[in-house]
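Chemist: Quick one: the structure is below, and I'll ask about it shortly.
In the UniProt record's numbering, the protein residues as written are 1 to 391.
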């Protein structure tokens, strides 16, 4: 008898019993069936569905498979970690390094990086310093919008801002009103805020004209001439695009540290130690010296701008002398992003005669002759006429 014919002879109870073996163990209550008339049955082909199957819910996954399944063996996670395969097997890194394909990729990548680097080299007009800058000023302004919002949020959570009618706020705005025309950025959307915090001796100007002055620095500046030295310095950072330069430099530093970490990880060394040592060396040899150069350039540009706005440049000397008395515990210059106050005083003394001449020649009408000349020189890659010994 064929398998299909055998299947047709099974009744509903026999069929359910065969599908669920546990049902065979339970006693069944049989109810006598009525005799059915002997009706001739139409023969079915093997492909025709059984009427019994049409009345029974077919389940693709039966419960018996769950009962008969063996429990998943538990493994010790520490054992799995000990038996894990290495990220790079022994000898594979050497084979990969000797591969001609790897050599080709490395040469092409290095050539592309050099082309990208030299195509973004600029000359800082006042110092003649060569620098790498791949960010436009517009791009930097968009990226620093979040920073400005964060500063505003933090200030509002603490002491807040001084009111528009506060005499200190009015003084800051008077100074900015004279500096903006000579800044070369008169078309920027300038916003001036004074943070109510006497403990902070600081001020900064973010790209796009967002000016933040802590009330604590006003006591050190003492007057509008001293405040002009501070704000002229901060505006100069934006004119010279120093923030864009730092962001560009971080790209190269991160790529270099990341490459060192990948190589160290492939060789089985400590990536943390490599990152720590590499970051320290790059900071002492690249980041910190670049920061000190930027500060000196901003001191010079700010001094010329405040003189062109008819402020007394000698007040810049007095301001830094007061700052030196306040910061006796400053770290050594080679460990700082800023020059020492004594170095700044000496530099300003060398530049003073030029600043006094510029103030005397200025008509005090807010013409940005120096800033415009600086921007033209930077676009053409020229160096302005300055005393090169100062740099």
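Cβ atoms here follow ideal geometry from the backbone N, Cα and C, with glycine treated the same way.
1) Cα-Cα, which of 293, 236, 157 is closest to residue 205?
2) How many Å lie between residue 243 and residue 216 at the Cα?
3) What residues are listed by DSSP as bridge partners for residue 206?
4) Please name the residue or residues paired with residue 193 in a DSSP beta bridge.
5) Who pairs with residue 121 in a beta bridge, going by DSSP?
6) Tell me whether the beta-carbon of residue 319 lies closer than 8 Å to the beta-carbon of residue 220.
7) Can you list, in chain order, the residues of its chain whose CB lies under 8 Å from that of residue 333, leaving out five sequence neighbours each side?
8) Mind checking residue 63: buried by the 16 CB within 10 Å criterion, or exposed?
9) Can you tell which of 156, 345, 380, 101 has its C-alpha closest to the C-alpha of residue 322?
10) Since residue 161 sits in a beta bridge, which residues does DSSP pair it with?
11) Let me know if residue 392 comes out buried or exposed under the rule of 16 or more other beta-carbons within 10 Å of its beta-carbon.
12) From the DSSP output, in three-state form, read off residue 401 for me.
13) Quick check: residue 120 and residue 245, are their CB atoms within less than 8 Å of each other?
14) How would you call residue 29, buried or exposed, if buried means at least 16 neighbouring beta carbons within 10 angstroms?
15) In the structure shown, what three-state DSSP assignment does residue 385 receive?
16) Here's the rule: buried if 16 or more other CB atoms are within 10 angstroms of the residue's CB, otherwise exposed. What is residue 169?
17) Could you give the DSSP three-state label for residue 352: helix, strand or coil?
18) Tell me, please, whether the region 96-107 touches the region 171-185 by the rule of three or more beta-carbon pairs shorter than 8 Å.
19) Write down every uninterrupted run of the alpha helix (DSSP H) in the region 219-292 whose length is 4 residues or greater and which is fully enclosed by it, in chain order.
20) So is residue 95 buried or exposed if we call it buried at 16+ other beta carbons inside 10 Å?
21) Below 8 Å, how does it come out for the region 298-313 and the region 357-377: are there three or more Cβ pairs, yes or no?
22) By DSSP, does residue 327 sit in helix, in strand, or in coil?
23) Three Cβ pairs or more, each shorter than 8 Å: is that satisfied between the region 274-283 and the region 244-260?
24) Can you list, in chain order, the residues of its chain with a C-beta nearer than 8 Å to that of residue 129? Leave out the 5 residues immediately preceding and following it.
25) Assess contact between the region 183-191 and the region 200-214, defined as three or more Cβ pairs (one per stretch) separated by less than 8 Å. Is contact present?
26) Which residues in the same chain have their Cβ closer than 8 Å to the Cβ of residue 317, if we skip the five residues on either side of it in sequence?
27) Do residue 125 and residue 374 count as a contact pair if the criterion is CB distance below 8 Å?
28) So, residue 180 versus residue 155, is the Cβ gap smaller than 8 Å?
29) Give the straight-line distance between the Cα atoms of residue 335 and residue 288, rounded to the nearest whole angstrom.
Modeler: On the basis of the supplied data:
1) 236
2) 24 Å
3) 210
4) 212
5) 132
6) yes
7) 292, 339, 340, 343
8) Model confidence at residue 63 stands at a pLDDT of 48, short of 50, so the residue's coordinates are unreliable; what they give is reported in the following sentence. Per the 10 Å Cβ criterion, exposed.
9) 345
10) 195
11) For the chain, the structure presents residues 1 to 391; residue 392 sits outside this window and is missing.
12) There is simply no residue 401 to check, as the chain begins at 1 and stops at 391 in what is shown.
13) no
14) Interpretation of residue 29 is limited by its pLDDT of 47, a score under 50 that renders its predicted location unreliable; the figure taken from the coordinates is listed afterwards. Answer is exposed; the Cβ neighbour count stays below 16.
15) coil
16) buried
17) helix
18) no
19) 224-239, 242-266, 271-282
20) exposed
21) yes
22) coil
23) yes
24) 123, 293, 297, 391
25) yes
26) 345, 348, 349, 352
27) yes
28) no
29) 7 Å
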